[in-house]
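Counting from 174, one number per residue, gives the positions in the sequence shown under the numbering used here.
Note that beta-carbon positions come from the ideal geometry of N, C-alpha and C, so glycine has one too.
Quick caveat, the model's predicted, so the values are computed rather than measured.
Taking it in order: structure first as structure tokens, then the write-up.
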Amino acid sequence: EDVFEIDAMAATPSATRSFRGLGTVLYGMAVNPVSGALYVANTEAMNDVRFEGAGAYVRDNDFRPGLPPSVRGHLHEARVTVIDDGAVTPRGLNPHLDYAAPTQPTDARWRTLAQPTALAVTSDGATLYVAALGSSAIGVLDAAALESGRVDDSLGRSIHLRDPYAAGPTGLVLDEARGRLYVLTRFDDAVVTVDLERRVVIDRVRMHSPEPAHTVIGRPVLYDALATSSTGEASCGICHVFGDLDGLAWDLGDPDGDVLANPNPVGPIGSRQPFSPLKGPMTTQTFRGLADHGPML
């Protein structure tokens, strides 16, 4: 089960309903004050597809009919799932992406909304704002169109926050009276003010961070999908969620890869097993603690 409805007015609050099938990794939620629909930001993992790499062997041997030959360019899909009258309906945020294509048009990644985190809805229920952590942008979506499956994927739907470096939005506060959207950005530890009428950044207040410089500088490398994928949708952080894990197993072997010699001198004589490009299913590992946990065995 993914989302639980709780009767908060009961003497002992308890779950009254639950919903499944919303997505693999769930982030922020928001309620449309007019329609009553619940929006849930999420990503959907493609770990049911085996292998990474070019996929030539799988394709040439018709090894897996009906499935992609590898997860290259299609790891997680960024979505907003709508719960309305008990029905669960996922809506992909990036219908412009052709996941079967080896490369994407040059403007594709700038149109993408990656790793949606926070959501905010206007009081008239007409507009949904989506903080896209991996894109350093805010998506501006027509809520009714989203609910019906018509998602605007134009470049104009995004308010870009880069200054000029990645920003990493994770929180939204909507001030309709002043026509402002306040955005918490984690890459520079700032609060960004957006003029909603002009859709531009008008102020950026950077806050103190106790983190060491190498952590601050390195964080965008984990999350910036615009910099690390041609689709603009994939980053390390979509699987290693907030530097941790996604709770999934992935088979990221490459049938087109080469067997490599093992130069490791440690171990019993004659035990130098070569490195195979085929791995089998392996669970996502956390990045937390790598700095002081010593070598992995």
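Considering just the uninterrupted stretch of the alpha helix (DSSP H) at residue i, what are its terminal residues?
i, result
"Gly-420", "Premise fails: Gly-420 is in no alpha helix (DSSP H) and is neither H nor E."
"Gly-391", "386-396"
"Asp-271", "Looking at the DSSP string, Asp-271 is not in any alpha helix (DSSP H), and its letter there is neither H nor E."
"Asp-233", "229-233"
Of the residues the options, which one's Cα is nearest the Cα of residue i?
i, options, result
"Arg-245", "Ala-274, Ala-287 and Ser-309", "Ala-274"
"Gln-446", "Ala-260, Lys-452 and Asn-435", "Asn-435"
"Ala-464", "Ser-449, His-387 and Ala-400", "His-387"
"Thr-366", "Pro-385, Arg-359 and Val-346", "Val-346"
"Arg-353", "Arg-359, Val-364, Thr-343 and Phe-360", "Val-364"
"Gly-312", "Phe-360, Leu-369 and Ser-243", "Leu-369"
"Ala-214", "Arg-330, Val-294, Trp-283 and Gly-226", "Val-294"
"Pro-268", "Thr-279, Gly-259 and Thr-285", "Thr-285"
"Ser-402", "Ala-184, Phe-360 and Gln-288", "Gln-288"
"Pro-450", "Asp-315, His-466, Gly-329 and Val-432", "Val-432"
"Asp-258", "Leu-211, Asp-315, Leu-240 and Glu-217", "Leu-211"
"Asp-315", "Asp-336, Leu-292 and Leu-334", "Leu-292"
"Ala-251", "Pro-278, Tyr-200 and Gly-430", "Tyr-200"
"Thr-404", "Gly-228, Gly-307, Val-373 and Gly-196", "Gly-307"
"Arg-335", "Pro-385, Gly-228, Glu-406 and Asp-361", "Asp-361"
"Gly-420", "Ala-398, Gln-458, Glu-384 and Val-253", "Gln-458"
"Val-374", "Pro-383, Glu-225, Met-455 and Thr-358", "Thr-358"
According to DSSP, is residue i helix, strand or coil?
i, result
"Ser-321", "helix"
"Val-244", "coil"
"Arg-284", "helix"
"Ala-350", "coil"
"Val-222", "coil"
"Phe-192", "strand"
"Leu-199", "strand"
"Leu-433", "strand"
"Thr-171", "Limits of the chain in this structure are 174 at one end and 470 at the other, which puts residue 171 out of reach."
"Ala-407", "coil"
"Ala-214", "strand"
"Thr-358", "strand"
"Phe-448", "strand"
"Leu-399", "helix"
"Val-207", "coil"
"Leu-328", "helix"
For residue i, count the other beta carbons within 10 Å of its own beta carbon; 16 or more makes it buried, fewer makes it exposed. Which is it?
i, result
"Thr-189", "exposed"
"Asp-348", "exposed"
"Ser-191", "exposed"
"Ser-408", "buried"
"Phe-177", "exposed"
"Gly-194", "exposed"
"Phe-448", "exposed"
"Ile-411", "buried"
"Pro-428", "buried"
"Pro-342", "buried"
"Ala-422", "exposed"
"Thr-279", "exposed"
"Gln-277", "buried"
Looking at the secondary structure, which residues open and close the beta strand (DSSP E) in which residue i lies?
i, result
"Arg-379", "373-379"
"Ile-332", "331-333"
"Met-182", "Premise fails: Met-182 is in no beta strand (DSSP E) and is neither H nor E."
"Gly-265", "260-265"
"Tyr-338", "Tyr-338 -> no beta strand (DSSP E), and no H or E assigned at all."
"His-249", "249-257"
"Ala-305", "300-305"
"Asp-315", "310-315"
"Ala-293", "289-294"
"Thr-366", "363-368"
When every heavy atom of the ligand PLP is checked, does at least one fall within less than 6 Å of the C-beta of residue i?
i, result
"Ala-305", "The model depicted lacks the ligand PLP and carries no ligand whatsoever."
Tell me, please, whether the CB atom of residue i is closer than 7 Å to any CB atom in chain C?
i, result
"Met-219", "Protein chains in the displayed structure number just one, and chain C is not present."
Exercise for the section: Evaluate the contact criterion for the region 387-400 versus the region 292-299: three or more CB pairs, one atom per stretch, below 8 Å. Expected result: no
Problem - the region 313-332 contacting the region 414-423, beta-carbon criterion three pairs below 8 Å - result: no
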